[in-house]
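Trainee: Once you've had a glance at the structure underneath, I'll fire off some questions.
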Amino acid sequence: KDEEDEEEFWTKVPLRSSHGKAGGLNFVDNYITIVNERMENRYGTPADGPDCKNDQDRAPSLYAIADARHQYQPDFMISCIPCFFHRNGMLNHRVAFTQAPQHYPEYADKRDYLDNNNAQFFRLNAMIRDCCGGVSSCGTNGMWQIADRDPGAFWQHRLKRVRDKDGSLRTQLIEREQFHTSCKIEDTASSLDRVLVGEYSHFVNRKLSFGMSKDAEGFLGAQQRWVEGAITLCLQWVTNHADAHGLAKRNQPLLWLVILAFALYVGSLMRMVTKEYTSSIFVEYGLLSNEFFDTVVRKPLHHPIKWAYSTLMDARGGHTPNGYDYKVYEDMTLQFIVFMLTCVAMFFLLWILTNCCKCAKNVLHLPWEMQWWGRLVISFDNLTYWIWFWTSFFWIGFNVFLAVRPAHFHFNNVGMMFFMLVVTFLNYALIVANSLRFSIMESIDANEIAFLSMDNIWRANQLFFMVGPIQ
C-alpha cells in the first residue's frame with residue numbers, strides 16, 4: 023500500500039550515458055523542481071487556483087554551485103544574493119549569475135608556480151569585465167538565477183550527434199538541460215547563452231569560498247580539458263551545432279557581427295600599414311565629399327602637425343642623415359589620425375543604432391545598451407583565445423633567433439623609453455582605478471587588486487607558455 027501511494031511520485035528517467043558535471047547539475051535542478059511541485063511543498067492554497075500555486079511558487083530559484091574541493095564561507099549567501107535585486111528590493115531578472123573568485127590558501131603567490139589561484143584573472147581581468155557585467159561563470163563559486171518553467175516539460179526530444187550504422191540521425195529523449203552537456207566547459211557555454219539574451223553577471227570580489235588545489239599533473243590536465251572545451255564550443259557555434267535554444271539560438275548572428283567587426287578592424291590595420299592614404303574610407307565610398315573632408319579634417323590638422331614636427335626637430339637638434347622629408351611625416355601622422363577618427367565614427371554609429379534598438383527592445387530583442395556589445399566581445403574572446411597559441415612559440419623562437427643571429431633595429435630610444443613609461447603608468451592607473459570601485463569593507467576583507475604583484479603577472483605569462491603545446 024505504501025509503495026502504491028509513493029508510486030505517483032516516481033519519475034522514469036531514460037537510460038543515457040553520463041554527461042559529466044553538467045549532467046549532475048541538470049539532474050539536481052530537475053529533481054528539486056519535481057520535489058517542489060508536490061502539494062505539501064507549495065506555498066499556495068486552493069484559493070490561488072487549481073494548481074495551488076502563488077507568486078512565490080512561480081518565482082525564480084537561486085542555484086549555487088560548489089565543487090567537491092571547495093567549501094563556502096558563512097558570508098557566501100549574504101554576499102551574493104543581494105546582487106540579484108535592485109536597490110528598491112525588487113528582483114532583477116536580468117542578472118543571470120554571480121561569480122566569486124577561487125581561492126587556495128595553501129598556495130601563496132611566490133609558491134603558486136602554476137597559477138592555481140588564477141590571480142591575474144580574478145584580481146584584475148574579472149574586475150575589468152565586471153564593468154559591463156561580462157564575467158563568465160567559472161563553475162564553482164557561482165550562483166545562477168533559474169526562471170520558473172513548465173513542470174510537465176522535463177523531457178525533450180533532441181537530435182543525436184552520432185549517426186546510426188545506416189547513416190541516419192535519430193532523436194533521443196533527454197532530461198531538460200539548464201547547463202550545457204555537449205562540451206567540457208559547461209560554465210562558459212551556459213554563460214554565452216545568457217549573454218545572447220541580454221542578461222549579465224556580477225563579480226563578487228571576496229574570499230567567499232576556500233578550496234583544495236589539484237596536484238601539478240591534475241592541474242595541467244584541467245588546462246587541457248579547458249582548451250579542448252573551448253575548441254569544441256567554438257566549432258559548435260561556427261558550424262551552427264551549438265546546444266543553444268530559444269532566444270539564444272535566434273540571437274546567434276550577434277556573434278557573427280562581432281566576428282565581422284573584428285575582421286574589419288584587423289583589415290583596417292593592415293590597410294593602414296600597407297597602403298598610403300590621407301583620406302577616410304567614407305570618402306572613398308562616396309559617403310563624404312573630398313571637399314568636406316579637407317575642410318573639416320585635413321586643413322585644421324595641418325598647423326598642429328607642423329608645430330609638433332618643428333618642436334620635435336628642435337629638441338633633436340635638426341634632421342638626422344637618414345631622416346625623411348616633412349611631407350612623409352605629415353602623411354604618416356595624418357594617416358594615423360584619420361584611422362583613429364574613422365574608428366571613433368564607427369563606434370558613434372554603433373552607439374546610435376544601439377540606442378535606436380532601445381526604443382524597440384520589446385520587439386527586436388537586439389542589443390539596446392553598449393554594455394551588451396561589451397559582453398559579446400568578451401564571449402568572442404572566450405571562444406577564440408586558443409587561436410593565439412602560436413604567439414608563445416613565436417616569442418620563444420624570436421628570442422632564440424636573435425641570440426644565434428644578431429640583428430639591427432633602427433628606432434628612437436627616447437621615444438621608445440617614453441612609450442614604455444606611458445604604458446607602465448597606464449597599467450598601474452588601471453589597477454588603482456579598479457581597486458577604488460569596491461567598498462572599503464571589500465578592500466579590507468578580500469579585495470586583493472592592490473596586491474597584484476609582478477609574481478602574479480609572471481605566473482600568468484608562465485602558464486601561457488606552458489599550455490602552448492597543449493593548445
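The number in our numbering is simply the position in the sequence shown, starting from 1, with 22 added.
Where is the CB? At the ideal position from N, CA and C, for every residue including glycine.
(1) Have a look at the DSSP bridge pairing and note the partners of Pro197.
(2) In chain order, which alpha helix (DSSP H) runs of at least 4 residues are fully inside the stretch 68–137?
(3) Any idea if Asn412 is buried or exposed, counting beta-carbon neighbours within 10 angstroms, 16 or more meaning buried?
(4) If you follow the alpha helix (DSSP H) that Met165 is part of, which residue opens it and which one closes it?
(5) Report the three-state DSSP secondary structure of Tyr351 (helix, strand or coil).
(6) In terms of residues, what are the limits of the beta strand (DSSP E) holding Tyr222?
(7) Tell me the rounded alpha-carbon separation between Pro68 and Tyr126.
(8) Pick from Arg60, Ala88, Asp97: whose alpha carbon is nearest that of Asp79?
(9) Just to confirm, are His202 and Ser212 a CB contact at a threshold of 8 Å?
(10) Measure the Cβ-Cβ separation of Cys105 and Gly396 and say whether it is below 8 Å.
(11) In this structure, does DSSP put Gly155 in helix, strand or coil?
(12) DSSP three-state call for Gly233: helix, strand or coil?
(13) Just the C-alpha distance for Leu277 and Ser235, rounded to the nearest angstrom, thanks.
(14) Determine the extent of the alpha helix (DSSP H) in which Ile409 is found, giving its start and end residues.
(15) I need the straight-line Cα distance from Ala90 to Gly42, nearest angstrom please.
(16) What first and last residue would you give for the alpha helix (DSSP H) that runs through Gly251?
(17) Please work out which residues of its chain come closer than 8 Å, Cβ to Cβ, to Val57, disregarding the five sequence neighbours upstream and downstream, and give them in chain order.
(18) Straight-line CA distance for Trp417 to Arg427?
(19) Does the Cβ of Gln194 have 16 or more other Cβ atoms within 10 Å, making it buried, or fewer, making it exposed?
(20) With burial defined as no fewer than 16 other Cβ atoms inside 10 Å of the residue's Cβ, what is the status of Ala148: buried or exposed?
(21) Which word fits Val350, buried or exposed, when buried means at least 16 other C-beta atoms lie within 10 angstroms of its C-beta?
(22) Under three-state DSSP, which class holds Lys206?
(23) Have a look at Leu113 and Phe107 and give me their C-alpha separation to the nearest angstrom.
(24) By Cβ distance, which residues of its chain are closer than 7 Å to Ser461, with the 5 residues on each side in sequence left out?
(25) How close, in whole Å, do the beta carbons of Arg198 and Ala118 come, if the pair is a contact with beta carbons under 8 Å?
(26) Given a cut-off of 8 Å, decide if Cys205 and Gln258 are closer than it, judged by their beta-carbon atoms.
(27) Straight-line CA distance for Gln484 to Asp477?
(28) Pick out the complete alpha helix (DSSP H) segments inside the stretch 375–405, 4 residues or longer, and give them in chain order.
(29) Alpha carbon to alpha carbon, what distance is there between Met392 and Trp373?
(30) Distance, Cα to Cα, Asn139 vs Asn163?
(31) Please confirm whether Ala264 and Tyr407 have their CB atoms less than 8 Å apart.
(32) Just checking my contact of Ser101 with Arg228 at CB under 8 Å: how many whole Å lie between their CB atoms?
(33) Considering only their Cβ atoms, is the gap separating Ala482 from Gln121 smaller than 8 Å?
Mentor: From the atom records:
(1) Taking the sequence shown and counting its residues from 1, one reaches residue 197 at position 175. One point to set straight first is that residue 197 is Glu, not Pro, in the sequence displayed. Bridge partners of Glu197: Trp177.
(2) 77–80, 98–102
(3) Taking the sequence shown and counting its residues from 1, the one referred to as residue 412 is at position 390. For the sequence presented, residue 412 should be read as Trp rather than Asn. Trp412 should be labelled exposed.
(4) Taking the sequence shown and counting its residues from 1, the one referred to as residue 165 is at position 143. From DSSP, Met165 is part of no alpha helix (DSSP H) but of the beta strand (DSSP E) over 164–168.
(5) Mapped onto the sequence shown, residue 351 falls at position 329. Tyr351: helix per DSSP, three-state reduction.
(6) The residue labelled residue 222 in the question sits at position 200 within the sequence shown. Tyr222 -> beta strand (DSSP E) spans 222–225.
(7) Numbered from its first residue, the sequence shown carries residue 68 at position 46. Numbered from its first residue, the sequence shown carries residue 126 at position 104. When rounded, the distance between both Cα atoms is 50 Å.
(8) Walking along the sequence shown from the start, residue 79 turns up at place 57. When only C-alpha atoms are compared, the closest one is Arg60.
(9) Translated into the one-based positions of the sequence shown, residue 202 becomes position 180. Translated into the one-based positions of the sequence shown, residue 212 becomes position 190. Cβ atoms of His202 and Ser212: closer than 8 Å.
(10) If you number the sequence shown from 1, residue 105 lands on position 83. If you number the sequence shown from 1, residue 396 lands on position 374. Result no, Cβ atoms of Cys105 and Gly396 do not sit closer than 8 Å.
(11) The sequence position of residue 155 within the sequence shown is 133, counting from 1. Three-state result, Gly155: coil.
(12) As a working mapping, residue 233 is identified with position 211 in the sequence shown. DSSP places Gly233 in strand when its eight states are reduced to three.
(13) One-based indexing of the sequence shown puts residue 277 at position 255. One-based indexing of the sequence shown puts residue 235 at position 213. Computed Cα separation, rounded: 34 Å.
(14) Looking up residue 409 in the sequence shown gives position 387. Where Ile409 is concerned, there is no enclosing alpha helix (DSSP H), given that its DSSP letter is neither H nor E.
(15) Sequence index remark: in the sequence shown, residue 90 carries index 68 (1-based). Sequence index remark: in the sequence shown, residue 42 carries index 20 (1-based). Going by the C-alpha atoms only, they are around 14 Å apart.
(16) The residue you call residue 251 lines up with position 229 of the sequence shown. Here the alpha helix (DSSP H) through Gly251 covers 238–260.
(17) Taking the sequence shown and counting its residues from 1, the one referred to as residue 57 is at position 35. Asn63, listed in sequence order.
(18) If you number the sequence shown from 1, residue 417 lands on position 395. If you number the sequence shown from 1, residue 427 lands on position 405. Using only the alpha carbons, I get a separation of about 15 Å.
(19) Residue numbering aside, residue 194 sits at position 172 when the sequence shown is read from its first letter. When all chains shown are included, Gln194 counts as exposed.
(20) Indexing the sequence shown from 1 puts residue 148 at position 126. That one is buried.
(21) Against the sequence shown, residue 350 aligns to sequence position 328. With fewer than 16 Cβ atoms within 10 Å of its Cβ, Val350 is classed as exposed.
(22) Reading the sequence shown from its first residue, position 184 is the one you call residue 206. Coil at Lys206, not helix or strand.
(23) Residue 113 sits at position 91 when you count from the first residue of the sequence shown. Residue 107 sits at position 85 when you count from the first residue of the sequence shown. Rounded to whole angstroms, Leu113 to Phe107 spans 4 Å at the Cα level.
(24) Within the sequence shown, residue 461 is the residue found at index 439, counting from 1. Low local confidence applies: a pLDDT of 49 at Ser461 is under 50, so the model's placement there is unreliable, and no value is given.
(25) As a working note, residue 198 is residue 176 in the sequence shown. As a working note, residue 118 is residue 96 in the sequence shown. About 18 Å separates the two Cβ atoms, so there is no contact after all.
(26) Your numbering for residue 258 matches position 236 in the sequence shown. Your numbering for residue 205 matches position 183 in the sequence shown. A contact, by the Cβ cut-off of 8 Å.
(27) Within the sequence shown, the letter at position 462 stands for residue 484. Within the sequence shown, the letter at position 455 stands for residue 477. So the two alpha carbons sit approximately 10 Å from each other.
(28) 383–386
(29) As a position in the sequence shown, residue 373 is number 351, starting the count at 1. As a position in the sequence shown, residue 392 is number 370, starting the count at 1. Their backbone Cα atoms lie some 7 Å apart in a straight line.
(30) In the sequence shown, residue 139 corresponds to position 117, counting from 1. In the sequence shown, residue 163 corresponds to position 141, counting from 1. Looking at the two C-alpha atoms, the distance is approximately 13 Å.
(31) Within the sequence shown, numbered from 1, the residue matching residue 264 stands at position 242. Within the sequence shown, numbered from 1, the residue matching residue 407 stands at position 385. The answer is no: Cβ separation not under 8 Å.
(32) As a first step, residue 101 must be located in the sequence shown, where it is residue number 79. As a first step, residue 228 must be located in the sequence shown, where it is residue number 206. 6 Å between Cβ atoms; contact.
(33) On the sequence shown, residue 121 is found 99 positions in, with the first residue counted as 1. On the sequence shown, residue 482 is found 460 positions in, with the first residue counted as 1. Taking 8 Å as the Cβ cut-off, Gln121 and Ala482 do not qualify as a contacting pair.
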